[in-house]
Each structure stands twice: as C-alpha cells, then as structure tokens.
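Visitor: Below you will find the structure I want to go over with you.
Protein chains: 2
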Amino acid sequence: MTSADLRVHNQVRLLRAVHDAEAPLTRAGAARLLGIGRNTAAALVGELERAHLVHEVPAETAGRGRPTTLLLPHPSGPLVFALDVREDSWTLARAELGGAREVLESGGHDRTPGVFAEIGAAVERHRTGRLAAVGMAIAGPIRDGRLLHIAHLGWDEVDLDDHLGRDWPRTVVDNDARLAGLAEARRGVLHGAGCALHFHIDFDIGGTLLLDGDAQRGAHRIAGEFGHMPLTGSGLECMCGARGCWSLDVGSNALVRHLGGKPGYGTGRELAQQILRRAEDGDAEAGAAIDANAAALGRGLGALANALDPEAISLSGLGIDLLRLRRDAIEAACAEGLMAFRRNTPPQIIAGTVGEQAPLTGAAEAGWDTILTETWLRERL
Amino acid sequence: MTSADLRVHNQVRLLRAVHDAEAPLTRAGAARLLGIGRNTAAALVGELERAHLVHEVPAETAGRGRPTTLLLPHPSGPLVFALDVREDSWTLARAELGGAREVLESGGHDRTPGVFAEIGAAVERHRTGRLAAVGMAIAGPIRDGRLLHIAHLGWDEVDLDDHLGRDWPRTVVDNDARLAGLAEARRGVLHGAGCALHFHIDFDIGGTLLLDGDAQRGAHRIAGEFGHMPLTGSGLECMCGARGCWSLDVGSNALVRHLGGKPGYGTGRELAQQILRRAEDGDAEAGAAIDANAAALGRGLGALANALDPEAISLSGLGIDLLRLRRDAIEAACAEGLMAFRRNTPPQIIAGTVGEQAPLTGAAEAGWDTILTETWLRERL
DNA sequence: CGCTTATGTTCTCGTTGAGAACATAACAAG
DNA sequence: CTTGTTATGTTCTCAACGAGAACATAAGCG
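Chains as they are written, first to last, in this note's numbering: chain R, 1 to 381; chain V, 382 to 762.
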C-alpha cells in the first residue's frame with residue numbers, strides 16, 4: 001500500500017459515506033465522520049467534484065457558524081441500473097449515488113431466457129454515458145454469477161453469457177432473496193447489524209447471511225438456499241431434488257399443499273394470498289394452514305440461529321404476513337428450536353422495511369458496490 | 382486514515398506475512414510479497430527489529446545474488462500462550478510468532494470451574510514479560526467470550542470473569558471446534574479457502590464457517606452449533622433442550638446409542654473408539670452403526686452446503702475416522718442432500734491435517750490475531 | 001578474473017494528511 | 001446597528017511516507 005493509494009482509499013470512504021448517508025451529508029459533517037481535517041476534506045471533495053462524482057451545493061444554514069456545503073450526487077455523475085427479473089416480469093430502474101431511484105421501464109415475459117434480449121433492449125434505450133454498472137436480481141440460484149438454475153421455469157443451466165449481448169455494460173447478477181437481504185442491511189431494518197439473517201418467503205424460502213452489512217455469497221455465489229435444508233422433518237420429496245426441505249413446509253406452495261391443493265409456481269402465489277385473506281376472516285381451515293406455516297418457519301429459524309447466532313432475523317414476502325398474523329407462534333417455535341441456554345436472548349425476528357422493491361434496491365446496492373472501490377475510482381480520477 | 386497509519390498498516394502486513402509464512406521469509410521475499418520496494422522493506426523491518434518483533438539473521442545463500450536475511454521471530458519478542466481446556470484435562474503451550482509451539486504443562490481436572498485457578502497458577506508459573514496474549518479453547522459454547530454453558534459438566538452459566546483472576550493477561554476465549562477450524566484455515570487443509578466449513582466430531586458436532594481464513598463468531602460469539610440443527614429427522618430429545626438434533630445421529634454418543642448403549646459424555650469417547658475398532662475388524666453390528674453415522678453425517682453436510690456453499694468441508698475428531706472408513710457413504714449421502722443442480726460440483730469433504738492439537742493451534746492463532754493489529758503495534762512501537 | 005545476478009543502501013522527490021493561523025459568513029446579544 | 005460568538009472555509013508550512021534511481025556489495029558462474 002503506497003501513499004498514493006491512501007488518497008484513493010480516503011476518497012472511497014468519502015464516497016461510501018455520501019452513498020450510505022440517510023440524509024445528505026455536509027462537507028464539514030463528512031470530515032467529522034471520517035475523522036479527517038477540514039482542509040483534507042476540501043481537497044478530497046474538490047477532486048471528486050472535478051471527476052463529476054459529487055456535487056457541492058450551498059447548504060441551508062442551520063444555526064450559527066459559517067455555512068457549509070451539501071455533498072450531492074453529481075448531475076452528470078455515474079449511474080447504476082437496477083434490474084429485477086421475476087418469473088413473469090421484469091423491472092428496470094436507475095439509481096443515483098445516495099440511493100435515489102426511479103423506475104424506467106417494466107414488462108412481462110414468456111418464461112424463456114429470451115427475456116434477456118428484451119431487457120437488453122430496454123437497457124439500451126435508457127443507456128447514456130453516465131451508466132457505470134448494472135445490478136440484476138434474479139429469482140433463482142445463479143452459479144458464479146452466470147449460470148441460472150431455475151427449475152420451475154425449466155431453465156436448467158442457462159448461461160447468461162449467451163443471452164447478455166457482447167456490449168452489455170458491466171453487470172453483477174445475484175439472487176433476489178440475497179439482494180433483498182442486502183437491501184435490508186443497507187437501507188432497512190438490518191442497518192448496522194454485525195451478524196444477521198434475512199429470509200424472503202415466496203413459493204419457497206431463500207435468504208442470506210449478512211455480515212457487517214454485506215451479503216455472503218459462498219464459493220460459487222450460490223449460498224443462501226436455506227429453504228433446502230431439512231429443518232422440519234418433512235419426508236416429502238422437493239422439486240430441488242433433495243428430500244424434506246424446509247420450503248416444503250413454509251411458503252405459498254406449502255400453504256396450498258396444506259389445503260390439499262396442488263402446489264405450483266406462479267399460480268400458487270395468488271392462492272396463498274387467498275388463504276391469507278380467508279385466515280384473516282376467521283376461516284379455521286385456512287388458519288390451520290397458517291399455523292402450520294408459522295410453526296415450521298419458527299422451527300427452522302431456531303435451528304439456524306443455533307448455527308449462525310444472528311443478532312436479528314428479518315423476513316420479507318409472505319414472511320411479513322406470517323409475522324403479522326402469527327408472531328407468537330413463530331417466536332414460540334423458534335424458542336423451542338433454540339438450545340435451551342440461548343432462550344433468554346433469542347434473536348429478534350422482525351419484518352423487513354424496504355418493501356416490495358427490496359430486490360431492486362439490493363440490485364442497485366450491488367451495482368454501486370462494484371463502483372465504490374479503489375480500483376474503479378483510480379481509473380476514474 | 383492518516384499517512385502515519387500507513388506505516389503501521391504496512392508493518393502489520395509484514396508481521397502477518399512473517400507469521401503466516403510456511404517457511405521463514407527472507408527480507409527480499411517479503412518485499413516482493415507485499416509489493417513494496419527493497420528500501421521500504423529495509424526501513425520497516427529495521428523498525429520492527431528495534432521493537433523486538435522480528436529478528437534478522439543472515440540467510441543461507443541460495444544461488445546467485447547478494448545474500449539476504451531471514452526474518453525470524455525475535456528471541457525476546459512477544460509470546461502467546463495457548464490453552465486447551467477439555468472436559469477432564471487442560472494443556473498450556475507457548476507459541477512464537479510464526480507458529481512454533483512448545484507445550485509447557487498439562488493437567489487433569491475435577492470437572493469444576495475450579496480448574497481455572499489451577500490453570501491460572503500454571504500460566505503464572507511460566508509467565509514472563511514476553512507474554513503478550515493468551516488464547517483459550519474450551520469445549521463448549523461461550524457467550525460473549527465470557528459465559529460458559531457446558532451442560533454435561535453441569536456448568537450452567539459460569540462467568541469466566543469470576544474465575545480468571547484480576548491479573549490475568551489479555552485473553553481471548555473461544556470454542557474448541559471453532560478454533561480447530563481456524564487452525565485448519567490457517568495452517569491446515571483449508572488454507573487459502575475463501576469459504577469453507579469445518580466440523581469437529583466428538584460426542585457431538587461443533588463447527589465453524591470460515592470466510593477468508595477467519596472463523597465466524599456470530600453476534601454473541603456462540604455461532605457454530607451446527608450439531609443442534611434438526612438435519613436428520615431424528616425425533617429424539619437432545620440434551621441441549623431442542624429436538625431432533627444432528628448430533629443425536631452423528632458422533633460418539635450416536636454410535637453408542639446405535640448399539641443400544643447409554644450415551645454419556647466422557648465415557649462415550651472410549652466406547653466409540655471400541656466400536657470403530659470392531660467395525661474395522663469386520664463386526665457387522667458395529668459396521669452398521671458406523672454406516673448410520675456416515676449417512677447422517679453426509680446428509681447434514683449436503684444440507685449445510687446448500688445453505689452456505691462452501692468450497693470445502695474439513696472434518697476433525699471422529700470425522701477423520703468416518704472419512705477413512707466410509708468416505709463413499711458420506712459423499713453419497715451428501716450428494717443426496719444437495720440440490721440436484723449442485724451435484725456435479727459438490728464441496729470437497731476432506732480430513733483435517735492439523736491433528737489432535739488443532740484447538741491448541743487455533744487458540745494460538747486467535748491469540749496472535751489480537752496482537753497482529755494496527756492498534757497493538759502502534760503502542761508497541 | 002571478469003561477468004551476471006540479486007540484494008542492500010543511500011539519496012532525492014512527489015504526495016499525503018496534520019496542524020496552525022487566518023478569513024469568512026452566519027447567528028446572537030446588547 | 002454593532003460587536004462578539006461560533007462553525008466552517010482557506011492557506012501555508014511541515015513531518016512522514018513510499019517510489020524510484022543510482023550505486024554498492026556479495027555471492028555464483030564460466
């Protein structure tokens with residue numbers, strides 16, 4: 001590490017602070033935050049302004065003292081595109097430094113990988129010189145960020161390199177549940193947590209381990225298939241090829257199955273919503289299905305807490321409904337699955353706050369993560 | 382980050398390189414390794430030598446070129462004490478920079494926390510001014526590095542602060558299985574792995590997730606109780622208070638139980654060894670017990686691989702025997718538990734190479750980790 | 001014995017962030 | 001309206017850092 005690296009290092013820290021700040025940072029505030037002098041901050045910011053990365057505007061004066069400036073994303077600075085590709089639809093948004101986001105376009109698709117050509121055309125329509133990176137969330141495991149394995153779409157080992165044209169911008173592709181967790185860690189309820197878990201419950205369960213605000217990816221970037229651990233003692237065979245998976249007992253497929261329906265992917269989601277509504281209206285049969293789901297959910301969470309010791313566990317998707325309707329049952333089942341000595345300090349189980357667009361938010365963050373690095377900044381300056 | 386920090390930063394990198402090197406590093410080699418100039422290396426090393434952290438001795442000349450020096454631990458430099466505290470015995474060793482280790486003393490104990498006074502006396506006997514930190518491995522979960530919960534010793538919530546005298550040196554306490562994993566990651570078969578798992582199989586299973594060579598501890602430093610996840614569908618109640626734990630089907634207790642014995646802690650270990658020998662001698666009943674253990678082990682590993690996507694999984698303790706006797710069964714069960722699309726690239730399952738003293742080795746590493754930091758070095762210089 | 005090779009040593013240089021002194025723009029109090 | 005207070009911006013000096021070049025040195029090789 002040389003002394004030239006030092007400058008870049010501090011500039012990345014500064015950019016990261018600007019990006020992560022909840023409210024726009026002032027230059028003086030940033031200096032305090034990073035523990036650097038006002039003079040140094042001026043120099044660093046000046047260089048970043050000249051590189052069109054941040055833009056200084058006079059700040060509203062607040063109390064005494066000489067007015068300072070606000071550090072805002074530069075109007076002609078880099079942009080990140082965020083994509084959320086689901087089973088039958090996709091959404092394209094642009095995200096500025098700092099997280100401000102605007103949806104650009106969205107569409108449906110025919111459940112073939114042909115959708116990527118469509119998406120590529122959309123990206124191309126909105127592409128400008130400002131585009132620096134693309135983050136893409138996809139509902140399924142993606143090995144090495146390239147090979148899609150989405151059983152229920154019949155995508156066996158779809159190679160993204162075959163479908164993303166040669167002139168695609170720099171792109172990082174990741175699993176949607178993982179990115180939803182990343183979103184909670186960066187801009188949601190897991191903010192500041194050193195060790196946390198997030199689970200997105202839809203047809204089945206996907207999730208991620210979050211350490212110091214970063215989503216763990218594993219060796220082949222396919223970590224997070226917590227739903228495919230046999231945590232609930234079910235003997236059923238799972239679509240994934242294994243047996244007894246947790247997802248067989250939690251999620252909309254499990255709800256449908258519990259009511260004697262035939263679980264599928266796509267149709268199951270609306271059915272599950274119906275079951276939820278029936279349960280809220282007091283239907284006993286639907287209520288029992290929800291009960292079973294909640295118990296299985298809690299059971300699995302307890303087991304995972306034993307292994308990974310998170311300080312908090314956040315849920316999204318159907319998990320939020322389950323938490324609203326059956327928090328006590330979930331917590332009780334979780335406590336039962338915890339080792340006895342841990343039961344007096346169980347992990348908090350909390351509803352995610354980022355909302356429906358969590359994968360999109362996470363995709364944007366993942367995109368920015370590829371940019372807010374020393375190597376990127378070094379060539380940009 | 383200031384420019385003075387830069388010097389310390391590079392010096393820590395240098396020390397770390399010296400500590401981690403398999404064979405003693407030469408000064409020129411270290412410069413190449415860190416990507417710094419020979420002049421800079423000379424300055425850094427000179428300062429470290431003056432601080433009695435490394436010692437330069439002329440290196441054997443190897444081929445052409447001006448002879449260089451070897452970077453060795455300084456004869457009056459800091460030392461780390463490593464402790465391994467088991468159910469009925471303890472071992473104290475001293476470890477030098479670079480990993481060289483010498484056992485100083487060991488003893489039995491009466492299964493009460495009184496052992497810590499004994500150990501403290503031993504530490505005091507060997508303590509010199511060179512002692513910089515102590516790493517301690519304990520066979521059980523330790524919340525916040527302080528509160529011991531070891532059910533089978535009847536230690537419910539033993540507070541180490543009550544048993545480690547006021548004048549104890551700076552100490553880091555950690556779980557033995559986790560430290561065994563750390564040892565494999567630093568000086569064993571997991572060296573260089575970005576994402577790996579290690580499991581120590583004894584009475585039950587403990588383990589750790591290793592990311593970039595560091596053992597993950599969780600929010601309360603009690604992560605790693607993988608053995609207390611219900612991965613095998615057992616309905617039995619576990620001593621830990623939960624139900625269906627993996628450890629009920631894997632480990633020496635499980636072996637004993639499979640043969641109709643009454644599992645206990647302590648006695649079970651020898652019984653398990655007997656069973657192993659009988660199985661090796663062709664005893665069918667013992668063989669079946671081993672079969673069951675192997676199948677349950679593999680089943681759990683597959684599930685965990687789905688969730689955490691390790692590039693390798695190493696085993697120690699009884700795991701090494703199981704791997705020797707039933708590798709195929711373990712791998713087959715693991716594959717069955719893997720999601721189908723992952724079966725063509727399963728995680729490697731490998732025997733640990735650090736051996737019996739892995740917890741001690743890991744304890745030493747953990748001790749050194751508290752020292753090889755910028756803050757420690759800053760005040761040392 | 002001279003050539004090659006790898007390393008140690010010395011010196012200069014550009015860059016970095018710290019720190020102090022001063023300038024400036026708001027507010028507050030009389 | 002003036003003066004003092006406060007927080008920040010700006011400028012300049014300075015010590016320290018690592019890079020790089022030039023040179024010195026100690027080995028092996030032919």
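From the three backbone atoms N, C-alpha and C, an ideal C-beta is built for every residue, glycine too.
1) For D88(R) and G718(V), I'd like the C-alpha separation in whole angstroms.
2) How many angstroms separate the CA atom of A117(R) from the CA atom of A296(R)?
3) How is P347(R) classed by DSSP in three states: helix, strand or coil?
4) State the Cα-Cα distance for the pair H163(R) and P113(R), rounded to the nearest angstrom.
5) Against C195(R), what residues of chain V qualify as contacts under a CB-to-CB distance less than 7 Å, listed in chain order?
6) Just reading off the alpha helix (DSSP H) that S89(R) is part of, what are its end residues?
7) Measuring only the C-alpha atoms, how far is G224(R) from I730(V)?
8) Helix, strand or coil for A137(R)? Go by DSSP, reduced to three states.
9) Looking only at C-alpha atoms, which of S252(R), R38(R), L97(R) and L6(R) sits nearest to T370(R)?
10) Which residues mark the beginning and the end of the beta strand (DSSP E) in which W155(R) is found?
11) For S3(R), go through chain V and note every residue whose CB falls closer than 7 Å to its CB, in chain order.
12) Is there contact between the stretch 265-284 of chain R and the stretch 559-568 of chain V, where contact requires at least three CB pairs shorter than 8 Å?
13) Which residues does DSSP list as the beta-bridge partners of R243(R)?
14) Measure from the alpha carbon of V389(V) to the alpha carbon of each residue in R447(V), L534(V), L414(V) and V426(V), then state which is nearest.
15) Going by beta-carbon coordinates alone, are A242(R) and L255(R) separated by less than 7 Å?
16) Between L452(V), A432(V) and L434(V), which lies nearest to A440(V) when the distance is taken from Cα to Cα?
17) Just list the residues that DSSP pairs T531(V) with in beta bridges.
18) Going by alpha carbons, who is nearest to P454(V) out of G645(V), R511(V), R638(V) and V515(V)?
19) Nearest CA to the CA of D212(R): which residue from C195(R), F226(R) and H200(R)?
20) If you run the structure through DSSP and keep just helix, strand and coil, what is R492(V)?
21) By the 10 Å Cβ neighbour count, where 16 or more other Cβ atoms means buried, how is R166(R) classified, buried or exposed?
22) Classify F584(V) as helix, strand or coil using the three-state DSSP reduction.
23) Could one say the Cβ of C240(R) lies closer than 7 Å to chain V's Cβ atoms, at least one of them?
24) Out of A561(V), G516(V) and L617(V), state which residue places its alpha-carbon closest to the alpha-carbon of G625(V).
25) Helix, strand or coil: which one does DSSP assign to D595(V)?
26) Going by DSSP, which residues form a beta bridge with S106(R)?
27) Please list, in chain order, the residues of the stretch 687-702 of chain V that have any C-beta partner in chain R closer than 9 Å.
28) So with CB distances below 8 Å, who are the chain V contacts of H152(R)?
29) Going by C-alpha distance, which of V515(V), R492(V), V553(V) and A520(V) is nearest L534(V)?
30) Just to make sure I have the definition right: I need the residues of chain V whose C-beta is within less than 8 Å of the C-beta of M229(R). Which are they?
31) Touch check for the stretch 350-363 of chain R and the stretch 282-291 of chain R: three-plus C-beta pairs under 8 Å?
32) Identify every residue that forms a DSSP beta bridge with T208(R).
33) Along the chain, which unbroken stretches of the alpha helix (DSSP H) at least 4 residues long are found entirely within the stretch 284-314 of chain R?
34) Based on DSSP bridge pairs, tell me the residues matched to H9(R).
35) What residues in its chain sit with their C-beta under 6 Å from that of L414(V), if we drop five residues either side in the sequence?
36) May I ask you to list the residues that DSSP assigns as paired with R55(R)?
Guide: In short, the structure shows the following:
1) Cα to Cα, D88(R) sits roughly 29 Å from G718(V).
2) In this structure, the straight-line span from the alpha carbon of A117(R) to that of A296(R) is close to 40 Å.
3) In the structure shown, P347(R) sits in coil (DSSP, three-state: anything other than H, G, I, E or B).
4) A direct Cα-to-Cα measurement between H163(R) and P113(R) gives close to 7 Å.
5) G599 and A600, listed in chain order.
6) Where S89(R) is concerned, there is no enclosing alpha helix (DSSP H), although the beta strand (DSSP E) it sits in stretches over S89 to A95.
7) The alpha-carbon atoms of G224(R) and I730(V) are separated by roughly 20 Å.
8) Three-state result, A137(R): strand.
9) If we check each option's Cα against that of T370(R), L97(R) comes out closest.
10) Here the beta strand (DSSP E) through W155(R) covers W155 to D159.
11) By Cβ distance, chain V contributes S384 and L387.
12) Contact between the stretch 265-284 of chain R and the stretch 559-568 of chain V is absent, because fewer than three Cβ pairs lie under 8 Å.
13) E237(R).
14) Selected option, being the one with the closest Cα: V426(V).
15) No, the pair does not count as a contact, with Cβ atoms beyond the cut-off.
16) Considering only alpha carbons, the answer is L452(V).
17) Residue 531(V) is actually Ile in this sequence, not Thr. BP columns for I531(V) point to W536(V).
18) In terms of Cα proximity to P454(V), the closest of G645(V), R511(V), R638(V) and V515(V) is R511(V).
19) Here the closest residue by C-alpha is C195(R).
20) Assigned with DSSP and collapsed to three states, R492(V) falls in coil, not helix or strand.
21) Exposed, because fewer than 16 other Cβ atoms sit within 10 Å of the Cβ of R166(R).
22) Assigned with DSSP and collapsed to three states, F584(V) falls in coil, not helix or strand.
23) Taking Cβ atoms only, chain V reaches closer than 7 Å to C240(R), which makes this a yes.
24) Minimum Cα distance to G625(V) is reached at L617(V).
25) The answer is strand: DSSP assigns D595(V) an E or B state.
26) Partner(s): T91(R).
27) Cβ contacts with chain R: N687, A688, L689, D690, P691, E692 and A693.
28) Listed along chain V, no residue sits closer than 8 Å to H152(R) by beta-carbon distance, the nearest being about 12 Å off.
29) Taking only the C-alpha atoms, the option nearest L534(V) is R492(V).
30) Correct list: M610, L612, A684, L685, N687 and A688.
31) The stretch 350-363 of chain R is not in contact with the stretch 282-291 of chain R.
32) H198(R).
33) Correct list: 284-308.
34) By DSSP's assignment, H9(R) forms no beta bridge with any residue.
35) Contacts found: A398.
36) Per the sequence presented here, residue 55(R) reads as His, with Arg not at that position. Looking at the DSSP output, H55(R) shares a beta bridge with L72(R).
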